[in-house]
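In the UniProt record's numbering, the protein residues as written are 1 to 142.
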């Protein structure tokens, strides 16, 4: 399994950050109908079974959020429930996870720039180059 880095989007007005759990598939999947059925099953059945045991974040699929909030309420975390609900209801929100195609290309930039910066093999000044290259990828992708 490969993981990548995605920077926060640049915005000109304040926005509320939120994190959610979700699922997706690439548009080029070979079995669209079967894939859709699996995703639909996960959204309607699996979240309700999984989230009460491990309420890490609200599902992006809003009808499945009840099990997340119920688990937190049962655990005595009413303030967390209130905070997350307020965040999700904010007028302007920015999700912190990305599934766009440019996000997968950031892995190469992370290997070339970010990891060497963290290990001291490249100067911290290269961080701006790294960010610029990521933003260029985003712009190229539309």
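The beta-carbon is built from N, C-alpha and C at its ideal position, and this holds for glycine as well. Quick caveat: nothing in here was measured; it's all calculated off a predicted structure.
Tell me the DSSP secondary structure of residue 35 in three-state form. helix
N- and C-terminal bounds of the alpha helix (DSSP H) containing residue 135: 126–141
Validate contact between the region 48–62 and the region 28–36 using beta carbons, cut 8 Å, 3 pairs: no
Could you tell me the distance, in whole angstroms, from the CA atom of residue 14 to the CA atom of residue 92? 8 Å
Compute the beta-carbon to beta-carbon distance between residue 124 and residue 117, rounded to the nearest angstrom, for a pair I have assumed lies under 8 Å. Contact holds; Cβ gap of about 6 Å.
According to DSSP, simplified to helix, strand and coil, what is residue 63? helix
Under 9 Å between the Cβ atoms of residue 72 and residue 55? yes
Should residue 85 be flagged as near chain C, meaning a C-beta pair shorter than 9 Å? The structure shown has no chain C; it contains just one protein chain.
Please classify residue 20 as buried or exposed, where buried requires at least 16 neighbouring CB atoms within 10 angstroms. buried
Through-space distance from residue 84 to residue 130, alpha-carbon basis: 32 Å
For residue 21, three-class secondary structure by DSSP: Assignment of residue 21 by DSSP, reduced to helix, strand and coil, places it in the strand class.
Can you say whether residue 63 is buried or exposed, counting buried as having 16 or more other CB atoms within 10 angstroms of its CB? exposed
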